[in-house]
Amino acid sequence: MLFLTILEQIILPILILIGIGMIVNRFFQLDMKTLSKLLMYIFIPAIAFIKIYETKISLVLLASIMGFLILQLIIVSLIGMGVSRLMHFGKSMKASFQNSIILSNNGNIGLPLNDLVFRHDPYAMSIQIVVVVFEILVTFTLGLFNAGAAKEGLKNSLLTLVKMPILYTLFLAFCLNFGEIKIPDSIMVPIRTTANGMISIALITIGAQVAVTVFNKNSLAVFVSTFIRLLIAPVIAFFLILLFGLEGITAQALLIASAMPTSRNSASLALEFDNEPEFAAQAVLLSTLLSAVTMTLVIYLSKLLF
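All residue numbers for the sequence shown refer to numbering that gives the first Met the number 0, where the first residue is 0 and numbers rise by one.
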């Protein structure tokens, strides 16, 4: 059965690496900031460069993907605002809740999942890279403002954004790709070697974070956030895919990307600006755990529908 095959061959390897991260962190208390910096400044830029450099993606398709992502963000944000009003959230809780549903883990989980689902297909990975870049832009603009950065002005969020190496990596990769410029093996081999380590490092990092998160309060808000992030977001994505007329691998990759659990960046922002950090950490934990089931379902449906 396709569903069980997906669970065994795609989801189970991810869970095993997450489990390793949990166990290792229990014994050695890994430095989360160091792991985060390794991912953001070395491993993710490396895999982004390789995939963009090696694939061909038209500007028309790129525009469609960006249109899809922007419209999806707007709809999910509006849902978050409505839920926050209905549940009478305070200012801090509203900010943290909003980030928990608009910021998804398309980097640490989405990239390795895409690699496994599409069996190292450069085209599928290039779509995922576009999603990751969009997530980074949203995190360090709208995400920062939701968490309280607006109090400090636009300057800090822009400074954080321009420090992200992936932006410059992508620009360079696109230029080399469109210019059809060959890179010598002496440069490509270390980049490719680094990129190959991204999957394990990303998933072990997720496991390490899950290991130190506990439940205490805001249970209803956590469940509502997880429901929107894991189930409502893919439904929205499905109708937007139909609206934009996307098909095949493009449609499958975007539908799967929409089902990612809450980004750990939402918890980091909540902690940084003291916006209900306990809720944010719990939202990351619950959505990550339950995504093993929901992502299996979404992958299964993506294969059937597209």
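Backbone N, C-alpha and C define an ideal beta-carbon position, used for all residues, glycine too.
Could you pull out every residue in the same chain whose Cβ sits closer than 6 Å to the Cβ of Ala172, ignoring the five residues on either side in sequence? Phe48, Ile51, Tyr52
Could you give the distance in angstroms between the alpha-carbon of Asn264 and the alpha-carbon of Thr138? 7 Å
Are Asn107 and Ala201 close, meaning C-beta to C-beta below 8 Å? yes
Quick test of your reading: Thr204 and Leu58, contact by CB under 8 Å. State the CB separation rounded to the nearest angstrom. Contact flag wrong, Cβ pair sits at about 34 Å.
Does the distance from the C-beta atom of Gly109 to that of Val130 stay below 8 Å? yes
Can you round the beta-carbon distance between Ile379 and Gly79 to whole angstroms, since I take them to be within the 8 Å contact cut? Since the displayed the chain opens at 0 and closes at 305, residue 379 lies outside it and no answer follows.
Checking the sheet assignment: what are the DSSP bridge partners for Ser103? Thr261
7 Å CB neighbourhood of Ile309 in its chain, flanking five on each side removed: Nothing can be reported for residue 309, as the shown portion of the chain is limited to 0 through 305.
Can you tell me the Cβ-Cβ gap for Thr225 and Leu289, rounded? I've got them flagged as a contact below 8 Å. 6 Å
In this structure, how does DSSP classify Thr4 when only helix, strand and coil are distinguished? helix
May I have the straight-line CA-CA distance separating Gly247 from Phe305, to the nearest angstrom? 5 Å
Alpha-carbon to alpha-carbon, Leu85 and Ile41: 42 Å
Looking only at its own chain, which residues have a Cβ that is under 7 Å from the Cβ of Ile5, when we skip the five neighbours before and after it? Thr295, Ile298, Tyr299
At 4 residues or longer, what runs of the alpha helix (DSSP H) sit wholly inside the stretch 153 to 220? 153 to 161, 164 to 177, 184 to 195, 197 to 210
Length of the line joining the Cα atoms of Ser185 and Phe2: 42 Å
Going by DSSP, what residue range makes up the alpha helix (DSSP H) through Gly81? 58 to 85
When we look at the beta-carbon of Ile17 and count the other beta-carbons within 10 Å, is it buried (16 or more) or exposed? buried
Among Ala94, Thr193, Ser63, Met21, whose alpha-carbon lies nearest the alpha-carbon of Ala269? Ala94
Helix or strand or just coil, what does DSSP make of Asp273? coil
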